[in-house]
């Protein structure tokens, strides 16, 4: 695999298809969750589809739709998996998987399922199960900070699943 220089990351993100970018985002953002007393627990594919749901809801929101599904995933400071500062281990796992995907290696089952779900999403076949949520956060990741994200104020809570809280009407 190539070293993860800024140029290499740029090449990868440019080369990935919208479905690949969405699938990688969903996989990296929801592959596991931190549970008190248990540590990291693997999530089912449903947790990853929740992230695809958020991406798709944003793509239908006038504030986001010009970016398209891929642009939404790669938008700065939106999905921590694409940000080295959002968790270096997850960032490197994501880029390693992206390199392998672009190299044509066999895809692990959960990422394969994410790819199929992302393609379905792009074809308009994803059913919104999150009440039009466009944002989410992981309460477990916010505990060390001792607060919720500022954007939660005034937003409408829609669901809580697999370690994520989902919201719509975010200003």
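Numbering (this note's numbering), first residue to last: 52 to 222.
For every residue, glycine included, the Cβ atom is placed at its ideal position computed from N, Cα and C.
Taking residue 145 as the reference, which of 186, 123, 207, 77 has the closest Cα? Here residue 145 refers to the residue found at position 94 of the chain shown. From the listed residues 186, 123, 207, 77, the smallest Cα separation to residue 145 is found for 77.
Straight-line Cα distance separating residue 55 from residue 101: Within the chain shown, numbered from 1, the residue matching residue 101 stands at position 50. Within the chain shown, numbered from 1, the residue matching residue 55 stands at position 4. Each residue's alpha carbon lies about 28 Å from the other.
Would you identify the three-state DSSP class for residue 217, choosing helix, strand or coil? Within the chain shown, the letter at position 166 stands for residue 217. In this structure, residue 217 counts as strand in the three-state DSSP scheme.
Any C-beta of chain D under 8 Å from that of residue 167: Here there is only one protein chain, and chain D is not present.
Where residue 155 and residue 170 are concerned, what is the direct C-alpha to C-alpha distance, given to the nearest angstrom? Taking the chain shown and counting its residues from 1, one reaches residue 155 at position 104. Taking the chain shown and counting its residues from 1, one reaches residue 170 at position 119. For residue 155 and residue 170, the distance between alpha carbons rounds to 17 Å.
Give the straight-line distance between the Cα atoms of residue 181 and residue 188, rounded to the nearest whole angstrom. Within the chain shown, numbered from 1, the residue matching residue 181 stands at position 130. Within the chain shown, numbered from 1, the residue matching residue 188 stands at position 137. Their backbone Cα atoms lie some 13 Å apart in a straight line.
Can you look up residue 209 in the DSSP assignment and give me helix, strand or coil? For the purposes of this step, residue 209 is identified with residue 158 of the chain shown, where counting begins at 1. Three-state DSSP puts residue 209 in a strand.
Just to confirm my understanding: we take residue 92, look at its own chain, exclude 5 residues before and 5 after, and list those with CB closer than 7 Å. What are they? The residue labelled residue 92 in the question sits at position 41 within the chain shown. Same-chain partners within the cutoff: 83, 84, 86.
I think residue 185 touches residue 112, with their Cβ atoms under 8 Å apart; what is that distance to the nearest whole Å? What you label residue 185 is simply residue 134 of the chain shown in a count that begins at 1. What you label residue 112 is simply residue 61 of the chain shown in a count that begins at 1. Right, their Cβ atoms sit about 6 Å apart.
For residue 84, which of helix, strand or coil comes out of DSSP? Mapped onto the chain shown, residue 84 falls at position 33. Looking at residue 84 - three-state DSSP - the assignment turns out to be strand.
Would you check if there are 3 or more beta carbon pairs closer than 8 Å linking the region 63-82 to the region 111-130? By the Cβ criterion, the region 63-82 is in contact with the region 111-130, since at least three pairs of Cβ atoms, one from each stretch, lie closer than 8 Å.
8 Å contact criterion, which residue 213 and residue 81 should meet: CB distance rounded: Position 162 of the chain shown, counted from the first residue, corresponds to residue 213. Position 30 of the chain shown, counted from the first residue, corresponds to residue 81. So it is a contact: roughly 6 Å between Cβ atoms.
So, for residue 210: in the same chain, excluding its five sequence neighbours on each side, which residues have a beta-carbon less than 7 Å away from its beta-carbon? For this step, residue 210 is matched to residue 159 along the chain shown. Around residue 210: 181, 182, 184, 217.
Taking only the alpha-carbon atoms, compute the straight-line gap between residue 166 and residue 199 and give it to the nearest angstrom. Position 115 of the chain shown, counting from 1, holds the residue named residue 166. Position 148 of the chain shown, counting from 1, holds the residue named residue 199. Their Cα atoms are separated by approximately 31 Å.
Is the separation between the beta-carbon of residue 206 and that of residue 220 shorter than 8 Å? Residue 206 sits at position 155 when you count from the first residue of the chain shown. Residue 220 sits at position 169 when you count from the first residue of the chain shown. Going by C-beta atoms, residue 206 is nearer than 8 Å to residue 220.
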